[in-house]
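Student:
Residue numbers (my numbering): 67 to 150.
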């Protein structure tokens with residue numbers, strides 16, 4: 067998972083909880099443009115500390131796991147569409 071996917075996930079979580087960007091940004095002291103760009107993948111690196119703050123605010127946490135030696139579905143789709 068990369069920053070762009072994390073941004074999209076945060077947008078989904080925020081919307082599911084019916085929290086506006088404005089409310090989240092006001093409460094964790096981040097510019098709304100920064101959050102908007104992060105959620106859309108325009109400016110994907112806002113820093114790990116901010117990502118953790120946002121996830122905590124939304125009642126989630128970042129969990130790591132060892133990568134699988136097998137390709138994930140998205141990788142297989144990319145290969146199929148690239149002709150590899």
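We put the CB at the ideal spot given by N, CA and C, even for glycine. None of these values were measured; they are calculated from a predicted model.
Please go through the same chain and pick out, in chain order, the residues whose beta-carbon is closer than 7 Å to the beta-carbon of residue 94, but skip the five residues on each side of it.
Tutor: Counting only Cβ-Cβ distances below 7 Å, and skipping sequence neighbours, we find 119, 120 and 123.
Student: Please return the same chain residues whose Cβ sits closer than 7 Å to the Cβ of residue 103, not counting the five positions on each side in sequence.
Tutor: So the list reads 109, once near-sequence residues are dropped.
Student: On the CB-based measure, 16 or more other CB atoms within 10 Å of its CB, does residue 131 come out buried or exposed?
Tutor: Result: exposed.
Student: Less than 7 Å between C-beta atoms, sequence neighbours within five positions excluded: which residues of the same chain meet that for residue 72?
Tutor: So the list reads 117, once near-sequence residues are dropped.
Student: Would you tell me roughly how many angstroms separate the C-alpha atoms of residue 143 and residue 114, rounded to the nearest one?
Tutor: So the two alpha carbons sit approximately 29 Å from each other.
Student: Does the Cβ-Cβ distance between residue 107 and residue 74 come in under 8 Å?
Tutor: Closer than 8 Å, so yes.
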